[in-house]
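Protein chains in written order, with our numbering: chain W, 4 to 178; chain V, 815 to 969.
Working notes, structure below.
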Amino acid sequence: MKDLLKLKSSLSEEIENILNEQIKLEAHASSLYLSMSSWCDDQGLENAAEFFAKQSDEEREHMLKFFHFVNDRGGRAISPEITNIPADFDSFRSVFEQTLQQEMYVTEQINNIADVCAKAKDYTTFSFLQWFLQEQIEEEYVARRILELFDVIGEAGTGRWEIDKQLLHVSYEEK
Amino acid sequence: MINSGFFYVLPYVYLDSFLIICYICDSSNRLGTQMFCKNVKLEDVFESEYGAVRQCNNKNCYWLYFNGTQTKFTVRDLFLFKNRVDQINIEKMLTDSSVSCDFEIIMPFRTERCFVLSVCDIVRLKELLKGAKFMIELNSEIKSCLNRGLYIVNN
Ligand SMILES: [Fe+2]
Ligand SMILES: [Fe+2]
Numbered sequence: 004m005k006d007l008l009k010l011k012s013s014l015s016e017e018i019e020n021i022l023n024e025q026i027k028l029e030a031h032a033s034s035l036y037l038s039m040s041s042w043c044d045d046q047g048l049e050n051a052a053e054f055f056a057k058q059s060d061e062e063r064e065h066m067l068k069f070f071h072f073v074n075d076r077g078g079r080a081i082s083p084e085i086t087n088i089p090a091d092f093d094s095f096r097s098v099f100e101q102t103l104q105q106e107m108y109v110t111e112q113i114n115n116i117a118d119v120c121a122k123a124k125d126y127t128t129f130s131f132l133q134w135f136l137q138e139q140i141e142e143e144y145v146a147r148r149i150l151e152l153f154d155v156i157g158e159a160g161t162g163r164w165e166i167d168k169q170l171l172h173v174s175y176e177e178k
Numbered sequence: 815m816i817n818s819g820f821f822y823v824l825p826y827v828y829l830d831s832f833l834i835i836c837y838i839c840d841s842s843n844r845l846g847t848q849m850f851c852k853n854v855k856l857e858d859v860f861e862s863e864y865g866a867v868r869q870c871n872n873k874n875c876y877w878l879y880f881n882g883t884q885t886k887f888t889v890r891d892l893f894l895f896k897n898r899v900d901q902i903n904i905e906k907m908l909t910d911s912s913v914s915c916d917f918e919i920i921m922p923f924r925t926e927r928c929f930v931l932s933v934c935d936i937v938r939l940k941e942l943l944k945g946a947k948f949m950i951e952l953n954s955e956i957k958s959c960l961n962r963g964l965y966i967v968n969n
C-alpha cells in the first residue's frame, strides 16, 4: 500500500506535536519579555526595557524558526494562543530571576525534543535543534551574569540605576 | 439507509431544548468534490462490522464508509476528523437528558458531509478510525523499515 502519510509529511505526529508545543513556548517567552519590558519602562529602567524588548523580538524569531521548520517538513504549524502573561512583577531583581528560570526551562524542553528525535531516528530535526541548544548557552549566560550584577553592584542608593546602565554591556562570546 | 445524501441541520429552539431537524435531499447533482474515485481499485485500510476506510492510490486520499455514506478525506483531514471524534464527551451525552445531547454533529471542513452521530455511532466510528490510523501508521513504519533494510543489504 502506498505510504500517503510520508507523502504528506516527513514529520511524525509525535514530533510535529512537540514542535508545536515549542512554538507555543517561544511565543509565550516573547510575550512575557514584552510584558517585562513594559514593566521596566514604567519603573524608569530604560535600558532594561530596551533589553527585554529586544529579547521579545528574538523569542518571536525563535518561534518563527520552529514554525517554518514544521511547515517546510510537511507538517502543520499551529499559531499559538498565549494566555497568563503577568503584567506586574515583584522587583527589578525578580524580573531577571524569572528570565533565567524561563531560559532554563526552554533549554530543558529543547533537550527533551532532541531526546525524542534521537529515539525516533529523526536526525533532520535533531540537527535543526543544535542551533537552539547553542543559543540557549548564550541566553542562560546573559541572564545569569545580569543577575550577578545585583550582588556585585547592590541595589541600594543609585545601585538600580547602575545595574540598568551596566546590563547592556553583558554579552556572551564563545571562547 | 442514507445513501450519499446530505443532512441539512436546522436547529430550532423548542421549549428548552434543541429540536434537530434533519432532512435529506437528493444530492447526486451536487456531489462535485465528493465524486467517488471511479475506475480505481481502492485498497482496504481497515474494516469493521460498521464501516470501512479505504485508500485511493490515484488521488492519494481515503474514503470513509460509515452509516451508508462515503466521505473523502486527505490523510491529514482524516486524522483531524479522528481527533474531533475522540474529543466527544460520551459520558456527558449519556448523563445529560436534554435532547441536544442525544446527538453530536460534526461537519468536517473540506467535505460536504454532516455527521449526526448517536453515542452508538460515535463508539463505532472511534473504533473504525482508530483501526484505520493504526494501519496507516503501521504501513508507513513497515515501508521505512524495508527501506532501511534495503540500505543495509546494499551496503
Ligand atoms: Fe527562545
Ligand atoms: Fe530565550
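Glycine included, each C-beta is placed from N, C-alpha and C at the ideal position.
- Of all residues in the stretch 8 to 19 of chain W, the ones placed with a Cβ closer than 7 Å to any Cβ belonging to chain V are Leu8, Lys9, Leu10, Lys11, in chain order.
- Gln169/W sits in a helix when the DSSP states are folded into three classes.
- With 16 or more neighbouring CB atoms inside 10 Å of its own CB, Glu19/W falls in the buried class.
- Shown in chain order are the members of the stretch 870 to 891 of chain V whose Cβ falls below 7 Å from a Cβ of chain W: Asn871, Asn874, Val889, Arg890.
- The stretch 110 to 130 of chain W makes no contact with the stretch 41 to 58 of chain W: fewer than 3 CB pairs, one atom from each, lie closer than 8 Å.
- Listed along the chain, the chain V residues whose CB falls inside 7 Å of the CB of Lys122/W amount to none; the nearest CB is some 14 Å away.
- Here the residues close to ligand 2, judged by CB distance below 6 Å to any of its heavy atoms, are Ala32/W, Glu62/W, Glu106/W, Val109/W, Glu142/W in chain order.
- Contact between Tyr879/V and Gln869/V does not hold, since their C-beta atoms are separated by about 12 Å, which reaches or exceeds 8 Å.
- Of the candidates Ile88/W, Asp154/W, Asp45/W, the residue whose Cα lies closest to the Cα of Leu170/W is Asp154/W.
- For Gln112/W, no beta strand (DSSP E) run applies; the uninterrupted alpha helix (DSSP H) run containing it begins and ends at 95 to 122, by DSSP.
- In this structure, ligand 1 has no non-hydrogen atom nearer than 7 Å to the beta-carbon of His71/W.
- If you check the C-beta of His65/W against ligand 1, you find a heavy atom less than 7 Å away.
- In terms of Cα proximity to Glu142/W, the closest of Ser15/W, Tyr36/W, Ser12/W is Tyr36/W.
- Nearest Cα to Leu48/W within the set Glu176/W, Trp164/W, Asp91/W: Trp164/W.
- When DSSP states are grouped into helix, strand and coil, Cys870/V belongs to the strand group.
- Within the same chain, Ala117, Cys120, Ala121 come within 7 Å of Phe129/W by CB-CB distance, once the 5 residues on both sides are set aside.
- In this structure, Glu111/W has its beta carbon at no less than 7 Å from each heavy atom of ligand 1.
- Here DSSP, grouped into helix, strand and coil, assigns Phe887/V to strand.
- For Arg76/W, none of the residues of chain V pass the 7 Å Cβ criterion, the least Cβ distance being about 13 Å.
- With contacts defined by Cβ atoms closer than 8 Å, Met921/V and Cys915/V do not form a contacting pair.
- In the displayed model, Ser862/V falls within a strand according to three-state DSSP.
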